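Okay, so the sequence shown: first residue is 1 according to UniProt numbering, each after it adds one. For every residue, glycine included, the Cβ atom is placed at its ideal position computed from N, Cα and C. Here the structure is a predicted model, which means the values were calculated and not measured. Inspection log for the structure reproduced underneath, given as structure tokens.
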Amino acid sequence: MSTITVTDQAERRGQPGRSGRPALDPEALRAEARVARRAKLRQSALLIALIGIVALFQLLTGGRLLVPDNIASLIQQNAYVMVLAIGMLLVIIAGHIDLSVGSSVAMIGGVIGIGMASWHLPWLVAVALGLLVGLVVGVWQGYWVAYVGVPSFIVTLGGMLIFRGFAQLLVGRTISGFPEAFKQIGNGAIPNLLGFTDTAALGYLDGVTVLIGVASVAVLVLTGLRNRRSMATHGLPVDRPGVFWGKLVAIAVVILAFTYLLALSTGGFPIVLALIGVLMLVFSFLLKNTRFGRSIYAIGGNYRAAELSGVNARRITFGVFVIAGVMAALAGIVVTSRAGAAVSSAGMGYELDAIAACFIGGAAVTGGSGKVGGAMIGALIMGVLNMGLSILAVDPAWQQAIKGFVLVAAVAFDLLNKRRSGSLS
């Protein structure tokens with residue numbers, strides 16, 4: 001009998017296993033399965049909502065929303081939300097909030113701009129410097145929250161003011177004149193080394209984009225089958241075959257439709273989309289398959305209980321804010337690259353977009369739950385709203401109001417569902 005099997009059996013009997021995970025009895029496993037099913041249902045509902053919103057704006061804009069070049073622009077214009085949402089998600093799951101990320105984007109953009117324009121650093125060195133500043137920002141805020149005990153709202157509110165002030169001091173005027181290679185991060189596409197596929201029915205399709213789309217569907221199917229087999233092996237309930245394959249086919253169709261439109265676009269597969277894909281894979285694995293990730297959920301669900309079970313809650317909290325700082329730095333790189341300039345006003349309201357994406361994507365207001373995939377769908381919903389309302393020439397003030405209504409509705413829907421299921425008193 002393998003070590004893994006012994007460990008799993010011990011944990012299912014309620015005894016400590018060799019993996020170091022908290023011991024679970026059968027009833028706890030069933031309860032966990034019920035929570036997982038609710039999470040899957042919410043993910044499905046989110047995907048349906050995204051498709052519905054896209055269909056609505058496609059109708060209202062007379063078909064202009066899903067023009068291939070608009071799909072690429074949608075990703076590039078809203079990449080900052082997706083990057084920030086990943087860092088913000090970890091903070092929210094841990095039971096905290098970060099109001100400083102927008103100001104961090106502006107300050108780090110200023111540092112990168114000065115590095116290239118004034119200090120004449122190679123763009124890769126300037127980018128590394130920006131990431132280092134983001135790391136320092138995360139260490140600073142994580143220390144105050146985790147080890148001093150100052151509420152994250154206060155620490156990051158102070159950070160929002162401090163970093164915005166630094167941005168204004170650093171960037172007295174617009175800094176531009178960046179190398180083309182740097183500007184390609186936010187505006188460029190992966191080189192089409194595979195050429196174009198010329199089809200009479202579908203047109204000229206970017207080969208790299210098609211390959212990535214097909215590979216994504218293959219990974220989706222293989223991962224779904226592996227997870228289903230694992231759940232069945234551990235005695236957990238699984239979807240009926242028809243439901244399971246129906247979900248997979250629906251998601252695959254959405255991915256392939258998106259791939260097709262992107263493959264028809266002028267540029268091809270955006271570099272920032274590749275970056276976001278890598279981040280999604282890394283942080284999905286981190287949250288689901290590592291002790292650090294499980295500990296984030298634990299301290300967000302019940303901080304005191306997590307400490308009593310042996311979780312180093314302070315270190316986990318500190319690490320979460322460090323990651324959020326690095327994600328803010330990545331967003332600053334993307335924003336500065338796309339704009340081709342550093343300005344002190346960059347990042348205004350970005351923290352609200354990231355928070356909204358997480359809550360729309362199903363992260364709990366009280367902490368302890370949330371998924372990377374949900375946050376990305378939430379970010380896409382925000383992006384579609386931004387682009388659709390802009391195409392319709394809706395007044396910016398009304399755009400903000402509409403996004404606010406969507407956020408409140410999403411959180412209210414989540415709370416009502418929890419009350420109905422008895423998971424919220």
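For residue i, list the residues DSSP reports as bridge partners.
{"i": "PRO122", "result": "Note: PRO122 sits in no beta bridge, so no partner."}
{"i": "PRO270", "result": "ALA189"}
{"i": "ILE355", "result": "DSSP output for ILE355 lists no bridge partner at all."}
{"i": "ILE175", "result": "ALA342"}
Among the options, whose alpha-carbon lies nearest the alpha-carbon of residue i?
{"i": "GLY293", "options": "PRO237, ILE190, LYS371", "result": "LYS371"}
{"i": "TYR103", "options": "GLY52, LEU169, ALA189", "result": "Checking the sequence, you will find Ser at residue 103 rather than Tyr. The candidate whose alpha carbon is nearest that of SER103 is LEU169."}
{"i": "ILE97", "options": "ALA72, ALA364, PHE182, ARG229", "result": "ALA364"}
{"i": "LEU220", "options": "GLY188, VAL253, GLY177, LEU236", "result": "VAL253"}
{"i": "VAL67", "options": "LEU129, LEU264, PHE283, ALA181", "result": "LEU264"}
{"i": "TYR303", "options": "THR317, THR290, ARG291", "result": "THR317"}
{"i": "PRO44", "options": "PHE244, VAL214, VAL91, LEU225", "result": "One detail in the question is off: residue 44 reads as Ser in this sequence, not Pro. Ranking the options by Cα distance to SER44, first place goes to PHE244."}
{"i": "ALA55", "options": "GLY388, LYS403, ALA298, ALA128", "result": "GLY388"}
{"i": "LEU205", "options": "VAL217, SER216, ASN192", "result": "ASN192"}
{"i": "ALA218", "options": "GLY186, GLY207, THR233, ILE255", "result": "ILE255"}
{"i": "ALA412", "options": "PHE359, ALA354, GLY246, ILE92", "result": "PHE359"}
{"i": "ALA328", "options": "VAL408, PRO237, VAL91, LEU121", "result": "VAL91"}
{"i": "THR156", "options": "VAL101, LYS183, ALA342", "result": "VAL101"}
{"i": "ILE391", "options": "LEU46, GLY52, THR61, ARG42", "result": "THR61"}
{"i": "ALA342", "options": "PHE178, VAL139, GLY246", "result": "PHE178"}
{"i": "MET88", "options": "MET348, ALA331, ASN386", "result": "ALA331"}
{"i": "TRP144", "options": "TRP398, VAL408, ARG315, ALA357", "result": "ARG315"}
{"i": "LEU352", "options": "ASN70, LEU99, ILE162, LEU46", "result": "LEU99"}
{"i": "LEU262", "options": "TRP123, LEU416, SER73", "result": "SER73"}
{"i": "SER345", "options": "GLY130, SER118, ARG164", "result": "ARG164"}
{"i": "ALA189", "options": "THR233, ALA357, GLY149, THR266", "result": "THR266"}
{"i": "GLY340", "options": "ALA181, ALA401, PRO151, PRO241", "result": "ALA181"}
{"i": "GLN184", "options": "ILE53, THR233, ALA274", "result": "ALA274"}
{"i": "VAL278", "options": "VAL208, LEU59, ILE86", "result": "ILE86"}
{"i": "ILE276", "options": "GLY373, HIS120, SER369", "result": "GLY373"}
{"i": "ASN312", "options": "TYR147, MET107, ASN78", "result": "TYR147"}
Three-state secondary structure (DSSP) at residue i?
{"i": "residue 454", "result": "Past the edges of the chain, shown from 1 to 425, lies residue 454, and the structure says nothing about it."}
{"i": "ILE333", "result": "helix"}
{"i": "ALA94", "result": "coil"}
{"i": "ALA342", "result": "strand"}
{"i": "VAL295", "result": "First, the residue type needs correcting, since residue 295 is Ser and not Val in the sequence shown. Correct three-state label for SER295: helix."}
{"i": "ASN312", "result": "coil"}
{"i": "SER100", "result": "coil"}
{"i": "VAL217", "result": "helix"}
{"i": "SER284", "result": "helix"}
{"i": "LYS371", "result": "coil"}
{"i": "ILE236", "result": "It should be pointed out that residue 236 corresponds to Leu in this sequence rather than to Ile. Note: LEU236 maps to coil in three-state DSSP."}
{"i": "PRO22", "result": "Any answer about PRO22 is weak, because its pLDDT of 47 lies below 50 and its placement is not dependable; what the coordinates show is given next. In this structure, PRO22 counts as coil in the three-state DSSP scheme."}
{"i": "ASN386", "result": "helix"}
{"i": "PRO151", "result": "coil"}
{"i": "ASN78", "result": "helix"}
{"i": "ILE402", "result": "helix"}
{"i": "GLY156", "result": "According to the sequence as given, residue 156 is Thr; it is not Gly. Reduced to three states, the DSSP call for THR156 is helix."}
Going by other Cβ atoms of all chains shown within 10 Å of its Cβ, with 16 needed for buried, is residue i buried or exposed?
{"i": "PRO270", "result": "buried"}
{"i": "ARG21", "result": "Any reading at ARG21 needs caution, since the residue's pLDDT is 46, under 50, leaving its predicted position unreliable; the model's value is listed next. By the 10 Å Cβ count, ARG21 comes out exposed."}
{"i": "GLN76", "result": "buried"}
{"i": "LEU380", "result": "buried"}
{"i": "PHE285", "result": "exposed"}
{"i": "ILE48", "result": "exposed"}
{"i": "ILE154", "result": "exposed"}
{"i": "ASN289", "result": "exposed"}
{"i": "VAL81", "result": "buried"}
{"i": "ALA23", "result": "With a pLDDT of only 49 at ALA23, under the threshold of 50, the placement of this residue in the model should not be trusted; the figure read from the coordinates follows. Result: exposed."}
{"i": "TYR350", "result": "buried"}
{"i": "THR259", "result": "buried"}
{"i": "ALA410", "result": "buried"}
{"i": "ALA324", "result": "buried"}
{"i": "ASN227", "result": "exposed"}
{"i": "GLY382", "result": "Contrary to the premise, residue 382 reads as Met rather than Gly in this sequence. Buried is the call here."}
Shorter than 6 Å, the distance from the beta carbon of residue i to the closest heavy atom of the ligand COA, or not?
{"i": "ALA250", "result": "This structure lacks the ligand COA; in fact it carries no ligand of any kind."}
What is the C-beta distance between residue i and residue j, in whole angstroms, given that I count them as a contact (C-beta under 8 Å)?
{"i": "VAL326", "j": "LEU135", "result": "6 Å"}
{"i": "GLY113", "j": "THR336", "result": "6 Å"}
{"i": "GLN334", "j": "VAL272", "result": "Here the sequence assigns Val to residue 334, which means Gln is not the residue at that position. With a Cβ gap of about 6 Å, VAL334 and VAL272 count as contacting."}
{"i": "LEU248", "j": "GLY224", "result": "5 Å"}
{"i": "ILE355", "j": "ALA94", "result": "Their Cβ separation, rounded to whole angstroms, is 14 Å, which puts ILE355 and ALA94 out of contact at 8 Å."}
{"i": "GLY319", "j": "GLY367", "result": "GLY319 to GLY367, Cβ: 16 Å. No contact."}
{"i": "residue 427", "j": "LYS403", "result": "Only positions 1 to 425 of the chain appear in the structure, and residue 427 is not among them; the question remains open."}
{"i": "PHE405", "j": "GLY142", "result": "In fact, because the Cβ distance is near 34 Å, the residues do not count as touching under 8 Å."}
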